[in-house]
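>
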Amino acid sequence: VWEKLENLQSPQTSTQTLHTGKLVPVYPETMGLTSKWFRTKIAQVLPLVSSKLQDPLPEFIQDTMISLTDALQKIHQPKDYKEVERAKERLSFDELFYVSLATLKARKEWSKKPLVAPLTIYSDALEEFTGKLPFTLTNAQKRVIEEVIGDLKKNQPMNRLIQGEVGSGKTVVTAIIIYLVYLNHYKTLFMAPTEILAFQHYSTISNLLEPLGIKVGIYTGSKKSKDIIADVMIGTHALLFEKLIPKDVGLVVIDEQQRFGVEQRTLLRSKAKLPHFLTTTATPIPRTVALVLYGDLDLSTIDELPKNRQQIKTYVVPNRKRNDAYKFIEKKIKEGDQAYLITPLIEESETLQSAKAAKVEFAKLKKVFPKLKLGLLHGRLKGKEKEEVMQKFKDRSIDLLVSTSVVEVGMDVTNATIMVIESAERFGLAQLHQLRGRVGRGPKQSYCLLFMGAEDSNSKSRLKNLEKINDGMKLAELDLKIRGSGEIFGIRQSGRFEFKLASFSDIHLVEKTRQAAQDVLKIDPALDKYPTLKGKLDDLTKGAMPD
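Each residue of the sequence shown is one higher than the last, beginning at 1 in our numbering.
1. Look at the alpha carbon of G535 and the alpha carbon of L527, and state the distance between them as a whole number of angstroms.
2. If the criterion is Cβ atoms closer than 8 Å, does the pair L161 and V510 meet it?
3. Quickly, what does DSSP pair N155 with across the bridge? List them, please.
4. Kindly indicate which residue of L400, Y179, G21, K371 has the alpha-carbon position closest to the one of L377.
5. From the DSSP output, in three-state form, read off P276 for me.
6. Once DSSP output is grouped into helix, strand and coil, what is the label at A357?
7. Taking the alpha-carbon positions, what's the D124 to L183 distance?
8. Does the region 90-106 touch the region 133-145, meaning 3 or more C-beta pairs lie closer than 8 Å?
9. Would DSSP call G535 helix, strand or coil?
10. Quick check on K153: buried or exposed, where buried means 16 or more other Cβ atoms within 10 Å of its Cβ?
11. Taking the straight line between their C-alpha atoms, what separation do you get for E29 and R39?
12. Do Q434 and V166 have their C-beta atoms closer together than 8 Å?
13. Output the distance between the C-alpha atoms of V292 and Y98, rounded to the nearest integer angstrom.
14. Given that a residue counts as buried once 16 or more other Cβ atoms are within 10 Å of its Cβ, and exposed if not, what is R438?
15. Is L432 near Y315, with beta carbons less than 8 Å apart?
16. Cα-Cα, which of L72, I61, K359 is closest to K52?
17. For the region 136-206, list the alpha helix (DSSP H) runs that are entirely contained and at least 4 residues long, ordered along the chain.
18. With H, G and I counted as helix, E and B as strand and the rest as coil, what does DSSP make of V317?
19. Can you give me the start and stop residues for the beta strand (DSSP E) that T513 sits inside?
20. Measure from the alpha carbon of K142 to the alpha carbon of each residue in V172, P118, N159, then state which is nearest.
21. Thinking L274 and K112 are a contact (beta carbons under 8 Å), I'd like their distance in whole angstroms, please.
22. If you run the structure through DSSP and keep just helix, strand and coil, what is S403?
23. If you draw a straight line from the alpha carbon of L299 to that of S168, how long is it in whole angstroms?
24. Please identify the residue among D456, Q445, R441, G472 whose C-alpha is closest to the C-alpha of F426.
And the structure:
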């Protein structure tokens, strides 16, 4: 105030209408790079880009929406929100369309590849094998086995994904298919993403198949089977780099494919004649995600758990009741049960102060439970150390296993009935559901206790869904709505396919882009009539899709 008159100190004025007086975009800012700076630079670049920009989409698709040039203009310099929405729809369409086109094109090309050899289906031997199992297959398992056998009858390599919740019996289904391959005098290569999971599969598959005279070997970075010419070789990516893949491989099983790098998947598929490929995952995949990212695979779902499984009781535990939860854990362990406690980080991070590191939590819990035997497991332990910890837990030499989420896949201890997850708000619902599935594998009632590092109402509300919902697919769909496609745990790593605007929750747009991709491939499967589109797709799929 000067002489009782209001005035502005050091006002910023602009003669341009670029930054004020209309709808303007706000960009993510960092030191020295403000939204104003971006608007100025983009205003200079847009005319240059627009004059040279080629729209890769075929004309019959372009005619149904605004042009790419208009979309870029309107997303950065819109007159109103209606223009923003039209621009977003066109740019989102492009993102989804290219992924759909890439996966559907890969599917067509796969079907033309030569097969090592077609398989004979020995139905009587399979029936005898399944009849001797110590349990009855679920209807879902039987259905999926029939779907896989249907693929194996064809004179082209199978490329199928089996999804099913933790404990739904995917490994048993896989073992039955491996047995069929063995009867045809072919070998199986079984790839697991981690040593923990490789050892778990080795144990399960050996128990099922070795009584039939089938040799099962394991090969990881820390353990190399003496018999590398086994009928079934189970291992991590170390199998590939040791060039141990024999010529007579009839089946390749890839567990949790999204955890493998593109180079590793490409190496497996680089042979002149292809074996059958079977991929398994415990990650629930929403329908729209499967349509786009997994369009090159046939999909089977084991949507039924064995009948003797009790539902796991899940509770979001407020910090004020933490001590009560500790007393409950100690009581159950004294009764003979075992427990996991999961933390999201290995080391403390200044930027993630609320997350509990496994090492820090381990030290703290030794004081909380001085009379219990505690173990520590995390990704930075050497393979032999991990194996020792796992074996001690299985042998009940460890009561409470403190671990990072490496146990999310691979640990199968029927006596473990309690899953405690620290800083649960840091995990997605689908991932929490998978961690929860590590217990409840025996006849006893099991529990999942969710602790929160930061108790805000939104996080608590999201976690409360786990108390009510035990269906992994419903939780994955919910995760998709709440956290968006970029946050869904376990989605195939798509290289350059990183969505900036598109959302898998837009079912209408997902189906529209998939149909457009099918129409293009129907007209020209090789895309020779659309050289600009072909060049764009080649650029996007380099390093993003396995050959």
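Note that CB positions come from ideal geometry on N, CA and C, so glycine has one too.
Everything numeric in this text was worked out from a predicted model, so none of it was measured.
In short:
1. The alpha-carbon atoms of G535 and L527 are separated by roughly 9 Å.
2. Result no, Cβ atoms of L161 and V510 do not sit closer than 8 Å.
3. For N155, which the question treats as bridged, DSSP gives no partner whatsoever.
4. L377 has its Cα closest to that of L400, out of L400, Y179, G21, K371.
5. Inspection of the sequence shows that residue 276 is occupied by His rather than by Pro. In this structure, H276 counts as strand in the three-state DSSP scheme.
6. In the structure shown, the three-state DSSP call for A357 is strand.
7. So the alpha carbons of these two residues sit roughly 12 Å apart.
8. They do not touch, by the three-pair rule.
9. Residue state, collapsed to three classes: helix.
10. K153 counts as exposed, since fewer than 16 other C-beta atoms from the protein chains shown sit within 10 angstroms of its C-beta.
11. R39 has its alpha-carbon roughly 12 Å from the corresponding atom of E29.
12. Between Q434 and V166, the C-beta spacing is below 8 Å.
13. The alpha-carbon atoms of V292 and Y98 are separated by roughly 9 Å.
14. Counting Cβ neighbours within 10 Å, R438 comes out buried, since at least 16 surround it.
15. In this structure, Y315 does not lie closer than 8 Å to L432 by Cβ.
16. With distances taken between Cα atoms, K52 lies closest to L72.
17. DSSP assignment within the region 136-206 yields the following whole alpha helix (DSSP H) runs of 4 residues or more, N-terminal first: 139-152, 170-183.
18. V317: strand per DSSP, three-state reduction.
19. For T513, there is no enclosing beta strand (DSSP E); the residue is found in the alpha helix (DSSP H) stretching over 507-523.
20. The shortest Cα separation from K142 among V172, P118, N159 belongs to V172.
21. Contact flag wrong, Cβ pair sits at about 11 Å.
22. Note: S403 maps to strand in three-state DSSP.
23. C-alpha separation (whole angstroms): 16 Å.
24. According to the sequence provided, residue 426 is Arg. The question's Phe does not apply to it. Looking at the Cα atoms, D456 is the closest of the given residues.
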